[in-house]
Amino acid sequence: MLLTNCVSARRYANLQADHQTQAAACERAAQATELALSQQQVRVLLIRTRFRLQTTELDTTRTQLTTERATRAALEADYNQPPPVPVATPEETPRNPAELKINRELLRRQINLLEGSVRASRDSLARQTQRLQRATTSVRTLEQTVADRDRTIGDLRQRLSAALTKRGVNVQFADGKVEITTPDPATLKSVLKRWWD
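First residue of the sequence shown? That's 37 in the numbering used here, and the numbers climb one at a time after it.
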C-alpha cells in the first residue's frame, strides 16, 4: 500500500512538473507574440512621427512659395509700371535713358532669379508631397498589419481555449500570461501530449 502511494505521488509530481513546463512554454510563446506586436506598434509610431515632420516641412515650403510669389508679383508690378515723366527744370537735368535701361535690366534679372526660385520650390513641394503620400500609405499598411495580427492572435486564442475546454482544460489569457487549470492532472497530461505530438 505504501509503495503504491509513493508511485502515485511520484506520477502526480511528474504530471505537475509537465503541467508547469507546458504552461511556461505557452506563456513564453504568448510573450514572444506580444513582443512582436509591440515592435510593430513602435514602427507605426516612428512612421507617424516622420509623417508629422514631413507635414511641417511641407507647410513651411508652401509658406515660402507663397512669399516668393508675392515678391515676384510686386516686382512685376513695379517693372510694368510706366516710369514717371521727368519734368525738366532749370535746376534739374532729364534722366539719362541709358540709366533707365540699366534699371529695367536689373529688374528683369531679379524676376528671372525669382522665377527660378519659385520653380525650385514647386519641384521641392511636389517631391515632399510624394514622400508624404508614400509615408501615409506605409502607415496605413502597418496599421492594417497590426490589426490583422491582433485578430489572428485573438482567433488563435479562442480556438485554443475552446479546444482545450472541450477536453476539460480551462485556459485563460490575461496581461500577456497564460493560466491553465484543470481538476484532473491526468487529463491535462493527455491533452498536452496529444497537442505536442
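Note that CB positions come from ideal geometry on N, CA and C, so glycine has one too. Remember, predicted model here, so these are calculated numbers, not experimental data.
Problem set entry | Spatially closest choice to Q100 from N139, L161, C62, E179, by CA coordinates | Counted from its first residue, the sequence shown places residue 100 at position 64. It is L161 whose Cα lies nearest to the Cα of Q100.
For this session: From the DSSP output, in three-state form, read off V207 for me.
Result: Indexing the sequence shown from 1 puts residue 207 at position 171. V207 carries a strand assignment under DSSP once its states are collapsed to helix, strand and coil.
Problem set entry | CB of E151 within 9 Å of CB of R108, strictly | The residue given as residue 151 occupies position 115 in the sequence shown. The residue given as residue 108 occupies position 72 in the sequence shown. Yes.
For this session: Assess, as a yes-or-no matter, whether the segment 142 to 149 is touched by the segment 75 to 91 under the definition of 3 or more beta carbon pairs within less than 8 Å.
Result: no
Exercise. Roughly how many angstroms lie between the CA atoms of R187 and L73, to the nearest whole one?
Worked result: Counted from its first residue, the sequence shown places residue 187 at position 151. Counted from its first residue, the sequence shown places residue 73 at position 37. Using only the alpha carbons, I get a separation of about 12 Å.
For this session: Give the single residue among R167, Q67, R140 whose Cα lies nearest to the Cα of F87.
Result: As a first step, residue 87 is located in the sequence shown; it is residue number 51 there, counting from the start. Closest by alpha carbon: R167.
Exercise. Distance, Cα to Cα, D184 vs Q208?
Worked result: Stepping through the sequence shown from its first residue, residue 184 is reached at position 148. Stepping through the sequence shown from its first residue, residue 208 is reached at position 172. So the alpha carbons of these two residues sit roughly 22 Å apart.
Exercise. Of the choices A199, C62, R64, T103, whose alpha-carbon is the least far from that of S153?
Worked result: Taking the sequence shown and counting its residues from 1, the one referred to as residue 153 is at position 117. Of A199, C62, R64, T103, the residue nearest in Cα terms is T103.
For this session: Could you check if L200 is buried or exposed, using at least 16 other CB atoms within 10 Å of its CB as the buried criterion?
Result: Here residue 200 corresponds to residue number 164 of the sequence shown, with the count starting at 1. Counting the other Cβ atoms within 10 Å of the Cβ of L200 gives 16 or more, which makes it buried.
Problem set entry | Sequence ranges, beta strand (DSSP E) only - wholly within the segment 135 to 162, length at least 3 | none
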